[in-house]
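Q:
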């Protein structure tokens, strides 16, 4: 168990809808990262937060947004969903942004858009 | 920007040794990491190399050559449970963000 909690585990929704994915980082970790993994694909970096502040953005669509709250949990909001948004969404946390700080991943949320 | 290349698939037999290579291009380098992912599960950290040479952790070893922008993960005494995807990753130096960029992953199939 990595200590990172993601909810829900599975989400099935229709095109055009909006969903919110939730992540609680490991106790003490200040950095939260969101990654998208489509079928048989690598981990695509979406966005990173550090202690409540946005730190880095990857190829995140404008329809997607995220935030990190004062208690350090994070939410990823996906709106106007399309079929192509179906993927595994992983949250990860690390103690800091140090280059030797490993990422600890949650079990992911599997999103299916129908 | 950063890019990483690794083979898409590798097959080996139980008990054998397998090497998964990774070449990278990056504007700044702060070390090469390796992660393991079993069939859609959570990726888990395996190793990190900041300096040239070999790092050993049990049956797994990781090697880095900064001059060649190259590294590999070596798995010895393969077991069926080692069947998984393996990702190399580098930190993004730009803006001191620390974000981790992953390769596309290598699927290792271990056969009896």
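Protein chains in written order, with this note's numbering: chain A, 73 to 186; chain B, 9 to 120.
Note that the Cβ used here is the ideal one computed from N, Cα and C, for glycine as well.
From the DSSP output, in three-state form, read off residue 155 (chain A) for me.
A: The count along the first chain starts at 1 and reaches residue 155 (chain A) at position 83. When secondary structure is reduced to three states using DSSP, residue 155 (chain A) falls in the helix class.
Q: Measure the alpha-carbon distance for residue 14 (chain B) versus residue 76 (chain B) and round it to whole angstroms.
A: The residue given as residue 14 (chain B) occupies position 6 in the second chain. The residue given as residue 76 (chain B) occupies position 68 in the second chain. C-alpha separation (whole angstroms): 15 Å.
Q: Can you give the beta carbon distance from residue 89 (chain B) to residue 22 (chain B), rounded, assuming they're within the 8 Å contact cut?
A: To locate residue 89 (chain B), count along the second chain from 1; it is residue 81. To locate residue 22 (chain B), count along the second chain from 1; it is residue 14. Rounded, the Cβ-Cβ distance is 10 Å, inconsistent with contact.
Q: Could you give the DSSP three-state label for residue 119 (chain B): helix, strand or coil?
A: Position 111 of the second chain, counting from 1, holds the residue named residue 119 (chain B). Residue 119 (chain B): strand per DSSP, three-state reduction.
Q: Could you check how far apart the C-beta atoms of residue 118 (chain A) and residue 141 (chain A) are, in whole angstroms? I think they sit under 8 Å.
A: The sequence position of residue 118 (chain A) within the first chain is 46, counting from 1. The sequence position of residue 141 (chain A) within the first chain is 69, counting from 1. Contact doesn't hold; Cβ gap of about 17 Å is too wide.
Q: Applying the 10 Å Cβ sphere with the 16-neighbour rule, what's the burial state of residue 127 (chain A)?
A: As a working note, residue 127 (chain A) is residue 55 in the first chain. Residue 127 (chain A) comes out buried.
Q: Answer yes or no: does any C-beta atom of chain A fall closer than 8 Å to that of residue 112 (chain B)?
A: Sequence index remark: in the second chain, residue 112 (chain B) carries index 104 (1-based). Yes, its Cβ sits closer than 8 Å to a Cβ of chain A.
Q: Report the neighbours of residue 66 (chain B) on chain A: residues whose CB is nearer than 8 Å to its CB, in chain order.
A: Within the second chain, residue 66 (chain B) is the residue found at index 58, counting from 1. Here the premise fails: no neighbours, minimum Cβ distance about 16 Å.
Q: If you drop the 5 nearest sequence neighbours on each side, which residues of the same chain put their C-beta closer than 8 Å to that of residue 83 (chain A)?
A: For this step, residue 83 (chain A) is matched to residue 11 along the first chain. Counting only Cβ-Cβ distances below 8 Å, and skipping sequence neighbours, we find 91, 93, 181, 182, 183, 184.
Q: Check the Cβ of residue 59 (chain B) against every Cβ in chain A and list those closer than 8 Å, keeping chain order.
A: For the purposes of this step, residue 59 (chain B) is taken as residue 51 along the second chain, with counting starting at 1. Correct list: empty, because the minimum Cβ distance to chain A is about 11 Å.
Q: For residue 60 (chain B), which residues in the same chain have their Cβ closer than 8 Å to its Cβ, ignoring the five residues on either side in sequence?
A: The residue you call residue 60 (chain B) lines up with position 52 of the second chain. The beta carbon of residue 60 (chain B) lies closer than 8 Å to those of 72, 73, 74, 75 in the same chain, with the five residues before and after it left out.
Q: Should residue 175 (chain A) and residue 48 (chain B) be called a contact, given that it needs their Cβ atoms to be closer than 8 Å?
A: Along the first chain, one-based indexing puts residue 175 (chain A) at 103. Along the second chain, one-based indexing puts residue 48 (chain B) at 40. It is not a contact, given that the beta carbons lie outside the stated cut-off.
Q: Residues bridged to residue 119 (chain A) by DSSP?
A: Indexing the first chain from 1 puts residue 119 (chain A) at position 47. In DSSP, residue 119 (chain A) forms a bridge with A:106, A:129.
Q: Give the DSSP bridge partners of residue 97 (chain B), in chain order.
A: Looking up residue 97 (chain B) in the second chain gives position 89. DSSP output for residue 97 (chain B) lists B:41, B:110 as bridge partner(s).
Q: Spatial neighbours of residue 141 (chain B) within its chain, please: C-beta separation below 7 Å, excluding the five flanking residues on both sides.
A: Residue coverage of chain B in this structure runs from 9 to 120, which leaves residue 141 (chain B) outside it and unanswerable.
Q: Relative to the C-alpha of residue 129 (chain A), which residue among B:109, B:18, B:114 is closest?
A: Indexing the first chain from 1 puts residue 129 (chain A) at position 57. Residue 129 (chain A) has its Cα closest to that of B:109, out of B:109, B:18, B:114.
Q: Give me the subset of the stretch 70 to 89 of chain B whose CB atoms are less than 8 Å from a CB atom of chain A, sorted by chain position.
A: Of all residues in the stretch 70 to 89 of chain B, none is placed with a Cβ closer than 8 Å to any Cβ belonging to chain A.
Q: On a CA-only basis, which of B:52, B:67, B:30, B:98 is nearest residue 84 (chain B)? Give me that one, please.
A: As a first step, residue 84 (chain B) is located in the second chain; it is residue number 76 there, counting from the start. Ranking the options by Cα distance to residue 84 (chain B), first place goes to B:67.
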